[in-house]
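Enquirer: Have a look at this one.
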Amino acid sequence: MCSECGADSPKWVGKCPSCGAWNTYVEEVISREPATIRTAGSMKEGNVKARPQLLRDITSREETRIDLKNGELNRVLGGGLVKGSLVLIGGEPGIGKSTLVLQTVLGLEGLRTLYVSGEESSRQLKLRADRLAHENPECYILCETKLEQIFAHAENVRPDLIIIDSIQTIYTELAESSPGSISQVRECSAAILKYAKETGVPVLLIGHINKEGNIAGPKVLEHIVDAVLQFEGDQHYMYRILRSIKNRFGSTAELGIYEMRQNGLREVSNPSELLLTQNHEGLSGVAIAAAIEGVRPFLIETQALVSSAVYGMPQRSATGFDLRRMNMLLAVLEKRAGFKLAQKDVFLNIAGGLKVNDPAIDLSVLSAVLSSSLDISIEQGVCMAGEVGLSGEIRPVNRIEQQVQEAERLGFHRILVPYRNLKGFDTKQSKMEIVQVKKVEEAFRQLFG
């Protein structure tokens with residue numbers, strides 16, 4: 276079986292014909308027991324559990340959620356942890372997955388928790404818990420990798436929440452391969468899902484990721500669970516971001532931001548103030564963008580550097596921003612605004628190690644590039660929001676009112692917004708100067724004169 280995509284083959288092959296990965300096929304011993312065929316006559320009245328129901332006869336109710344006492348994690352999950360749900364948290368080694376989960380568990384007083392560790396000893400977990408300076412009198416630690424033993428201990432402890440760190444270290448006797456293999460991960464996750472749904476106990480799984488950044492193991496693991504959270508960030512920065520990739524009980528647009536400290540992770544309730552700590556007055560190549568991630572508005576700093584190409588081929592590099600979109604914006608800048616950048620190196624960076632997908636920062640990207648190219652700084656206290664189209668027009672963005680209010684709260688006095696993007700918003704209530712622009716040329720005239 277291919278360890279990347281889960282495709283199978285009767286013999287070993289060097290390159291997977293399904294996903295194209297090299298040297299990923301591993302041998303799996305599969306033993307199938309003869310299945311008992313249930314005929315229609317054998318299905319008596321008492322044996323049939325599930326019946327077809329009319330949609331109008333099914334009663335709907337609000338899902339019961341557990342408050343995790345962690346505002347960022349609660350918001351990413353959609354308001355708390357749903358009872359009986361299976362949540363997968365993935366991330367790079369050393370990014371802080373176990374710290375995040377253990378810190379959350381230790382803060383849940385009055386909730387009986389079973390923390391199953393297949394990677395660390397109980398003494399290592401005790402040292403980490405002492406460093407986090409939290410204590411939960413009803414937190415049980417179990418160092419075990421056999422799934423059947425874990426279920427036996429769970430039957431005795433009867434926890435309200437189970438943590439499994441990590442799913443790649445757990446194995447079951449039903450599969451004959453080694454822990455971490457495709458069949459083991461698939462069988463273990465399916466058994467844990469069955470346990471969670473039958474008992475109503477939520478389970479948090481911690482998973483490794485491969486070199487491509489995807490969660491290791493078969494793709495069926497992500498299909499089985501109710502929510503997939505990605506914990507990411509640069510180890511050279513103090514910020515960590517928790518994203519929701521899949522969530523059956525909430526939105527996938529939410530974002531949680533943490534700051535890594537010596538005594539654990541600190542929730543960043545207002546990321547704008549942390550991302551705008553530097554004073555860039557008089558410096559070119561810096562533009563402040565108003566963006567939305569989920570329901571939260573915040574201002575981020577866009578940095579650009581434009582210099583003459585030393586080598587024959589100009590370089591294009593972007594950190595925290597889509598490189599293909601940056602190339603598109605540079606083509607718009609050259610075609611619609613008349614600035615020649617074909618023989619220039621262009622480097623773009625989103626400050627703070629963030630990765631931003633909101634198209635509202637397009638205008639600030641172009642402004643930072645042009646500011647660096649002309650070596651003219653943008654006035655202090657000015658921010659902007661707007662998506663740039665291929666014809667050079669500035670397109671409206673979502674929830675512009677929240678972005679204006681966030682900029683005003685942080686002391687900005689002027690903001691550039693797309694034309695006719697303020698329908699229904701009373702601009703007289705705002706003390707800021709709100710400038711509406713139609714095209715990139717108008718925006719550049721407002722910024723550079």
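Just so we're aligned: 601 in the numbering used here is position 326 of the sequence shown, and the numbers increase by one with no gaps anywhere.
Where a beta carbon is used, it is the ideal one built from N, C-alpha and C, also for glycine.
(1) Tell me the DSSP bridge mates of N522?
(2) Look up I467 in the DSSP assignment and say whether it is helix, strand or coil.
(3) Could you tell me the alpha carbon to alpha carbon distance between R433 and I416, rounded to whole angstroms?
(4) Which residues does DSSP pair with F719 in a beta bridge?
(5) Determine which residues share a DSSP beta bridge with M659 and list them.
(6) Could you tell me the boundaries of the beta strand (DSSP E) in which G482 lies?
(7) Quick one: Cα of L407 to Cα of S583, how far?
(8) How many angstroms separate the CA atom of K698 from the CA atom of K615?
(9) Hey, could you find the ends of the alpha helix (DSSP H) L649 is sitting in?
(10) What is the rounded straight-line gap between the Cα of L722 and the Cα of R536?
(11) What does the Cβ neighbour count give for R313, buried or exposed, with the cut at 16 atoms within 10 Å?
(12) What three-state label does DSSP hand P755 in the structure shown?
(13) Work out the CA separation of T527 and R518 for me, nearest whole Å.
(14) Using the three-state DSSP reduction, which class does F426 fall into: helix, strand or coil?
(15) Determine the direct distance from the alpha carbon of I457 to that of I341, and round the result to whole angstroms.
(16) Would you give the residue range spanned by the beta strand (DSSP E) that I445 belongs to?
(17) What residue from K469, L629, M601 and C280 has the CA that sits closest to F622's CA?
(18) Leaving aside the five residues before and after L608 along the sequence, list all residues of the same chain whose C-beta is less than 8 Å from its C-beta, in chain order.
(19) Do A226 and Q678 have their C-beta atoms within less than 8 Å of each other?
(20) Opposite T577 in the DSSP bridges: which residues?
(21) By alpha-carbon positions, which one of R331, E681, D435 and K372 ends up nearest to A564?
(22) How should I516 be labelled, buried or exposed, when 16 other C-beta atoms within 10 angstroms of its C-beta is the threshold for buried?
(23) Would you check if the stretch 441 to 449 and the stretch 409 to 429 touch, i.e. whether three or more CB-CB distances between them fall below 8 Å?
(24) From I675 to V692, what does the alpha carbon distance come to, in whole angstroms?
(25) What is the residue span of the alpha helix (DSSP H) that S397 lies within?
(26) Tell me which same chain residues have a C-beta within less than 8 Å of the C-beta of A282, skipping the five on either side of it?
(27) Can you check which of these residues, L574, E410 and V495, is closest to F687 by C-alpha distance?
(28) If we call anything under 8 Å between Cβ atoms a contact, is I490 one with Y514?
(29) How should Q399 be labelled, buried or exposed, when 16 other C-beta atoms within 10 angstroms of its C-beta is the threshold for buried?
(30) Measure the C-alpha to C-alpha separation of T374 and N485 and round it to an integer number of angstroms.
(31) Helix or strand or just coil, what does DSSP make of V710?
(32) According to DSSP, is D597 part of a helix, a strand, or is it coil?
(33) Under 6 Å Cβ to Cβ from L363, same chain only, skipping five residues before and after it: list those, please.
(34) With respect to the alpha helix (DSSP H) encompassing E676, which residues constitute its N-terminal and C-terminal limits?
Expert: Based on what the coordinates show:
(1) N522 has A502 as its beta-bridge partners, per DSSP.
(2) Here I467 sits in helix by DSSP.
(3) Taking the straight line joining both Cα atoms gives about 13 Å.
(4) Paired residue(s): none; F719 is not in a bridge.
(5) Answer is A564 and L691, bridged to M659.
(6) Per DSSP, G482 belongs to the beta strand (DSSP E) from V478 to G482.
(7) So the alpha carbons of these two residues sit roughly 49 Å apart.
(8) Their Cα atoms are separated by approximately 36 Å.
(9) Looking at the DSSP string, the run of the alpha helix (DSSP H) that includes L649 is D637 to L649.
(10) Roughly 38 Å separates the two Cα atoms.
(11) Summary for R313: the model assigns pLDDT 40, below 50, so the residue's position carries little reliability; its value from the coordinates is reported in the next sentence. Exposed, by the Cβ-count rule.
(12) With the chain represented from 276 up to 724, any question about residue 755 goes unanswered, as that position is not in the structure.
(13) Cα-Cα distance, rounded: 8 Å.
(14) When DSSP states are grouped into helix, strand and coil, F426 belongs to the helix group.
(15) Their Cα atoms are separated by approximately 31 Å.
(16) Per DSSP, I445 lies in no beta strand (DSSP E) and is assigned neither H nor E.
(17) Minimum Cα-Cα distance from F622 among the listed residues K469, L629, M601 and C280 corresponds to M601.
(18) So the list reads F614, L616, L641, V644, L645 and V715, once near-sequence residues are dropped.
(19) What the structure shows of the chain is the stretch from 276 to 724, and residue 226 is not part of that stretch, so it cannot be assessed.
(20) A562 and I625, per the DSSP bridge assignment.
(21) When each option's Cα is compared against that of A564, the closest is E681.
(22) That one is buried.
(23) Yes, they touch.
(24) I675 and V692 have their C-alpha atoms roughly 8 Å apart.
(25) Per DSSP, the continuous alpha helix (DSSP H) segment holding S397 begins and ends at S397 to L407.
(26) In its chain, beyond the 5 residues on either side, M276, C291, P292, S293 and C294 have a beta carbon closer than 8 Å to the beta carbon of A282.
(27) If we check each option's Cα against that of F687, L574 comes out closest.
(28) Against a cut-off of 8 Å, the Cβ pair of Y514 and I490 comes out as no contact.
(29) Flag for Q399 reads exposed.
(30) The alpha-carbon atoms of T374 and N485 are separated by roughly 20 Å.
(31) Reduced to three states, the DSSP call for V710 is strand.
(32) Shown here, D597 sits in coil according to DSSP, grouped into three states, outside any helix or strand.
(33) L480, G482, V500 and V503.
(34) Per DSSP, the unbroken alpha helix (DSSP H) holding E676 starts and ends at I675 to R684.
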